[in-house]
Every structure is written in structure tokens, then in C-alpha cells.
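A short worksheet on the structure shown next.
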Amino acid sequence: MKRLLLLALPALLAGCPKPPDGGAPTPASTPAASTETAKPEPVSEQKPGAADTVAKVEFGSPGTIRAAGALPKFRWTLASAVDAKGQPVDALLVRPDRPLTLEFKQGKLAIGNTCNRMLGAYSLRGNGMTVGELASTLMACPDPKLMALDREVGKRLQGKLGLRLSKGDARQLELTTASGDVLVFTSEETAQTKYGGAGGRVFLEVAAQTAPCSHPLIPNMQCLQVRELKYDDKGLKAGTPGPFGNFYSTIEGYTHQPGVRNVLRVDRYTVKMPPADAPSQVFVLDMVVESDASAKP
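Residue numbers for the sequence shown follow this note's numbering, so the first one is 12 and each next one is one higher.
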């Protein structure tokens, strides 16, 4: 069985906010959207002038207070990476369609779009940032360059880093490594910033295969088959999971692979004034806790 437990559940549950009373909605009652969004996103090549555009931005030292306020509000995406001689750091640019991402949350730095999701504590002081030892999940990736990406990231994003933010809007981040590499990140609002509050933590099990489901606007629709899982404070499953049901919503950041069953840790947000044809709740992937590819051919 090709089953892989990525991290011990007690560690995953430690410090996680409990979901609000009532738990997650049953999958069958979740508002409408299609698993079409779960298909792999089309590869979009980086625009030739992207790095040049970033280079024109004026950066300044933000100070600890400003940096502490700005960093957690955004999800930071790598836009350019050059070494001390101004040459591209190709080892960090192996996924043009899914660049490296950084998220700062409750004193932790989460690094995404690597082979394995990486996490470490960070602190701000003066004009810099210090990142502690990075821990990661233990998944093997078939692409050697993607496997090597974890190592290259670990070499650069641990220890002391120079930190500057773009002047004015603070929407671009520049990190300088100990070896002189300069990494520039652009930003988009995090789900917490976008939806105006903290989400409720939910664990969802996604079955290996989708199933036909009915939708008034989408013919031949396929839905994820989802059920909620409960865990106690020790990370052990609590109670008996219900049956799988049609999941009409989407899970931001999650791409389903047919034949692979996953347990997901997600944050659930309530949309205060959703459009008439949109769901009132949004689910955002925090991490894949467990994967089982035994159903793949």
C-alpha cells in the first residue's frame, strides 16, 4: 500500500484553534461549485519582464513594528531570485507555474510549493529576520529538481536574513541571504485578511475518486467525495466518521489527483455577504496531513 503519513497528528493539532460549535457542514449541504476547479491549473510561464518590474520597486528597511504588521497579512510569492553577482538562482525557479510561497503566521514561517511543505519559527529584529531550523513533511517527489528545491530553500531561508519592504504599500518583500542572494516576493492577501477574521480548523477526508453529482448549471459534473474527521487532543481519531458525500464547494490551494485519498487540514471561513449564487463558506487548505495512493493503477 502506497500510504504516507506526513506528520504526527498530535504535532499537527497542537496549537490549532478548535472549530466553532457545530463543526463543519456536512459535505452534501455545502454550497455549489465544481471539482473542475480541482483540476491542475494550466501552466503559465513567467512573463519575461517580471523580474525587471520587481527591480524597479524601491525598497526600504521597515523596522520591526511595521514588518510584524505587514508580513502576516499576505501570502508572498517568489518573483525573482538572483545571486550576489546578479545572476538568476535557477535552483529556486524550478516551478514557473507554482513559484515558492511564504506565509507568516503566529511566529511561524510556512514555505509552500516546494516538494515538501516546510515550517520554521521566525523572529524580527532591527532590519532583519532570523529563521530557525526548518522542519518538513517526508514526501518523495519524482522530479529530481523539485526534490533538490527543498535543500536549496533550506540553505537560504534559515538563519539571519536581511529584510526590506517596498516603500509605501509594503506589498513586495525583499530577503537577502547570508551568501548574498536576493529574493523578491510579491503579495496577495491571506484568507484571514480577505475574509476578515480567523477561520475554524477542520479536518476533511477526500476519497480517492470523485462521483457524478447533480448541478443545475453544470452538466456531467463530478464532485469530490468528502467527510469530516474528528481528533482528540492527543491526535487520535474521535468517534466514527460519517459516510462520504458530495462536496459542492472548493478547497483553495488543493488539487485533487484521481486515485489518491487525502486527509486535509483546512481553515473554514464565513463569507459575510456572498453573491446569490456563491457559497457562504470558503475552505482554504492549510496542509495535506495524510496521502494514500493505493487506489492508483
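Using N, Cα and C, we set each Cβ at its ideal position, and we do this for glycine too.
Based on Cα-Cα distance, which residue from the options lies nearest to residue i?
| i | options | result |
| --- | --- | --- |
| Ala219 | Ala92, Arg238, Leu184, Gly211 | Arg238 |
| Gly191 | Ala95, Lys283, Ser260 | Ala95 |
| Ile5 | Met232, Phe255, Asp297, Pro285 | With the chain running from 12 to 308 in the structure shown, residue 5 is simply not present. |
| Gln236 | His226, Gly246, Phe255, Pro230 | Phe255 |
| Gly165 | Pro107, Leu120, Lys241 | Leu120 |
| Gly71 | Gly137, Met284, Asn231 | Gly137 |
| Asn124 | Pro286, Tyr133, Leu103, Tyr206 | Leu103 |
| Ser309 | Ala90, Pro230, Val68, Cys224 | Here the chain comprises residues numbered 12 to 308, so residue 309 is not present and cannot be evaluated. |
| Gly80 | Thr112, Val105, Lys116 | Lys116 |
| Tyr133 | Pro155, Asp154, Pro83 | Pro83 |
| Gln268 | Tyr206, Val217, Gly208 | Val217 |
| Arg167 | Tyr206, Ile122, Glu199 | Ile122 |
Which term fits residue i, buried or exposed, when burial requires 16 or more other beta carbons within 10 angstroms of its beta carbon?
| i | result |
| --- | --- |
| Met140 | buried |
| Gly118 | exposed |
| Gln98 | exposed |
| Ala151 | exposed |
| Ala90 | buried |
| Glu163 | buried |
| Leu194 | buried |
| Glu301 | buried |
| Pro73 | buried |
| Asp154 | exposed |
| Asp180 | exposed |
Note down, in chain order, each residue of its chain lying with its Cβ closer than 7 Å to the Cβ of residue i, except the 5 sequence neighbours on either side.
| i | result |
| --- | --- |
| Asp243 | Ala249 |
| Thr172 | The amino acid occupying residue 172 in the given sequence is Leu; Thr does not appear at that position. Cβ neighbours of Leu172 beyond the five flanking positions: Gly139, Met140, Val142, Leu186, Thr187, Thr188. |
| Gly264 | Val295, Leu296 |
| Glu144 | Gly131, Gln169 |
| Ala159 | Ala102 |
| Pro285 | Ser291 |
| Val277 | Val213, Leu215, Ile262, Phe294, Val295, Leu296, Asp297 |
Please state whether the Cβ-Cβ distance between residue i and residue j is less than 7 Å.
| i | j | result |
| --- | --- | --- |
| Thr148 | Arg175 | no |
| Thr5 | Leu135 | Residue 5 lies beyond the stretch modelled for the chain, which goes from 12 to 308, so this question has no answer here. |
| Thr88 | Pro110 | yes |
| Phe258 | Leu240 | no |
| Thr9 | Gln233 | Lying outside 12 to 308, the shown extent of the chain, residue 9 is not represented and no answer is given. |
| Arg77 | Glu114 | no |
| Gln183 | Thr201 | no |
Give every residue of the same chain whose Cβ lies closer than 8 Å to the Cβ of residue i, excluding the five residues on either side of it in the sequence, and list them in chain order.
| i | result |
| --- | --- |
| Ala146 | Met129, Leu130, Gly131 |
| Ala306 | Ala219, Gln220, Gly270, Val271, Arg272 |
According to DSSP, simplified to helix, strand and coil, what is residue i?
| i | result |
| --- | --- |
| Glu163 | helix |
| Met158 | helix |
| Ala289 | coil |
| Ile122 | strand |
| Leu296 | strand |
| Gly97 | coil |
| Leu397 | Residue 397 is absent from the structure shown; the chain starts at 12 and stops at 308. |
| Gly270 | coil |
| Ala90 | strand |
| Gln220 | coil |
| Leu130 | strand |
| Gly173 | strand |
| Arg7 | A question about residue 7 goes unanswered here, because the residues of the chain that appear run from 12 up to 308. |
| Thr112 | strand |
| Tyr206 | helix |
| Lys84 | helix |
| Ala249 | coil |
| Ala146 | strand |
Who are the Cβ neighbours of residue i in its own chain at under 6 Å, not counting the five residues just before and after it?
| i | result |
| --- | --- |
| Val100 | Ala92, Asp94, Asp192 |
| Gly34 | Since pLDDT at Gly34 reaches only 38, below the 50 mark, its modelled position is unreliable, and no value is offered. |
| Asp161 | Thr125, Cys126, Asn127 |
For residue i and chain D, any beta-carbon pair shorter than 7 Å?
| i | result |
| --- | --- |
| Leu172 | The chain inventory of the structure shown lacks chain D, comprising one protein chain alone. |
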